[in-house]
Amino acid sequence: MGSSEHATRDSRWRGSSLLGVVTAKQTYANLVYLFLAIPLAFAYSAVFMFGLVFGTFLILLVVGIPIVLGTILSSRLLAAFERALANALLTVDLEAPEDVQRGDGDGFVSSLRRYLVAGSTWRGLGFLFLKTGLGFVSFIGLFLFATALSLVQSPVHYPTETEFLTVNDQPITWVIDTAPELALAVVLGVVLLLVCFHLANALAAIAGRVAVALLDGPTEPARADSSDKPAPAVPPAPDESATDSSGPPASTDNDDTERGVGGESERSRDDTGSDSSR
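Residue numbers (our numbering): 17 to 294.
Structural data, given as structure tokens:
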């Protein structure tokens, strides 16, 4: 699969310009993708904590086996959701994988085995684990983004107090009640906002590459479709020995016979003419 060619939907977009990220629509699509990763990370953590960890402890009681298997198989549905989400918000174009083998048996056990041996099942599960980590990183980015917006909006709420962190139950705040502090707050807010935009684009680009590596399916149609078509019939090559024996030699013999008959008739006419002249 040519992932660099297939998975990139808009290669012309670039987020490298310093101020261009503010007006680029893709920047805000990346922000939405990262902010949605926060609740999804908590949801995936709950699913994996119960389905995999808790189910593994219950395997000895047999009850954990269907829990673990159900969690693994449900990850395919979650991976399909993540594939659609990435196609909608990121600059990727992912296809559903088609690596589940088609066997003769249609029973539950055989179907379960085909899904478990498919590589897309485990790649999707790995992506969900990584997406959980991305959600926690996005949570930190959300805090920085909220702080930047608070500083930029300082003139609207002037005088105001901005809270940054809480250390040992003691909030770290900044009271903005003078004009120089207000100007400094706006400048710092704009700079921090630009940094957040560029960080969001970088994280979204990494998430897109990971999605291409783990969620993308084949980019070319199955070769079985072309191999099933019968090959065009090739006409047999003419037999040169048969052509040589039946063609020109026969015509040569006929010509020689005709020449012999014609020669004898001419000689008989000549003999008859000579006798009459005598």
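Ideal placement from N, C-alpha and C gives every residue a C-beta, glycine not left out. Fair warning: this is a prediction, and the values are worked out from it, not measured in the lab.
Next item on the list: Compute the distance between the beta-carbons of Y60 and T148, then report whether it is under 8 Å.
Entry: On the sequence shown, residue 60 is found 44 positions in, with the first residue counted as 1. On the sequence shown, residue 148 is found 132 positions in, with the first residue counted as 1. T148 is positioned such that its CB atom lies closer than 8 Å to that of Y60.
Note to self: With a threshold of 8 Å, are at least 3 pairs of Cβ atoms found where one atom belongs to the stretch 214 to 223 and the other to the stretch 44 to 51?
What the structure shows: Using a Cβ-Cβ distance cut-off of 8 Å, the stretch 214 to 223 and the stretch 44 to 51 are in contact, since at least three pairs of beta carbons, one from each stretch, lie closer than that value.
Margin query: Could you give the first and the last residue of the continuous beta strand (DSSP E) run that contains E179?
Written below: Stepping through the sequence shown from its first residue, residue 179 is reached at position 163. In this chain, the beta strand (DSSP E) harbouring E179 covers T176 to V183.
Notebook entry, point to check: Does the distance from the CB of I201 to the CB of S170 come in under 8 Å?
Noted result: By 1-based counting over the sequence shown, the position of residue 201 is 185. By 1-based counting over the sequence shown, the position of residue 170 is 154. A small fix is needed here, since residue 201 is Ala in this sequence, not Ile. In contact: A201 and S170 (Cβ atoms closer than 8 Å).
Notebook entry, point to check: So what does Q186 bridge to, in DSSP terms?
Noted result: Residue 186 sits at position 170 when you count from the first residue of the sequence shown. Its beta-bridge partners are V183.
Notebook entry, point to check: How many angstroms separate the CA atom of V191 from the CA atom of L160?
Noted result: On the sequence shown, residue 191 is found 175 positions in, with the first residue counted as 1. On the sequence shown, residue 160 is found 144 positions in, with the first residue counted as 1. Approximately 18 Å between the Cα atoms of the pair.
Next item on the list: Taking the CB atoms as reference points, tell me whether S166 and L50 lie closer together than 8 Å.
Entry: Position 150 of the sequence shown, counting from 1, holds the residue named residue 166. Position 34 of the sequence shown, counting from 1, holds the residue named residue 50. It is not a contact, given that the beta carbons lie outside the stated cut-off.
Notebook entry, point to check: So, helix, strand or coil for V191, using DSSP?
Noted result: Taking the first residue of the sequence shown as 1, we reach residue 191 at position 175. Taken through DSSP and simplified to helix, strand or coil, V191 comes out as strand.
Checklist line | Terminal residues of the alpha helix (DSSP H) in which R99 lies | finding: Sequence index remark: in the sequence shown, residue 99 carries index 83 (1-based). Element bounds for R99: G80 to L105.
Checklist line | Nearest to H173 (by Cα), restricted to the options L198, L209, V78 and M65 | finding: Walking along the sequence shown from the start, residue 173 turns up at place 157. Cα-wise, what sits closest to H173 is L198.
Note to self: Which of the three DSSP states is assigned to V206 in this structure?
What the structure shows: Numbered from its first residue, the sequence shown carries residue 206 at position 190. V206 falls in the helix class under three-state DSSP.
Item checked: Member of G71, L210, F145 and L150 whose CA lies at the smallest distance from the CA of V168 -> Here residue 168 corresponds to residue number 152 of the sequence shown, with the count starting at 1. Considering only alpha carbons, the answer is L210.
Check: Which whole-angstrom value is the C-beta distance of L68 and G151, which I expect to be below 8 Å?
Finding: Counting from one through the sequence shown, the residue named residue 68 turns up at place 52. Counting from one through the sequence shown, the residue named residue 151 turns up at place 135. So it is not a contact: roughly 17 Å between Cβ atoms.
Notebook entry, point to check: Which residues bound the alpha helix (DSSP H) around S170?
Noted result: For the purposes of this step, residue 170 is identified with residue 154 of the sequence shown, where counting begins at 1. Element bounds for S170: n/a, residue is neither H nor E.
Next item on the list: Along the alpha helix (DSSP H) that carries L77, what are the first and last residues, could you check?
Entry: Translated into positions along the sequence shown, residue 77 becomes position 61. First-last for L77: undefined, no H or E at that position.
Checklist line | Endpoints, the alpha helix (DSSP H) within which F64 is located | finding: The residue given as residue 64 occupies position 48 in the sequence shown. Looking at the DSSP string, the run of the alpha helix (DSSP H) that includes F64 is K41 to F64.
Notebook entry, point to check: Between the C-alpha atoms of H214 and P187, what's the straight-line distance to the nearest angstrom?
Noted result: Numbered from 1 along the sequence shown, position 198 holds the residue referred to as residue 214. Numbered from 1 along the sequence shown, position 171 holds the residue referred to as residue 187. So the two alpha carbons sit approximately 28 Å from each other.
Check: Nearest CA to the CA of T178: which residue from I88, L132, G205 and E111?
Finding: Looking up residue 178 in the sequence shown gives position 162. Here the closest residue by C-alpha is G205.
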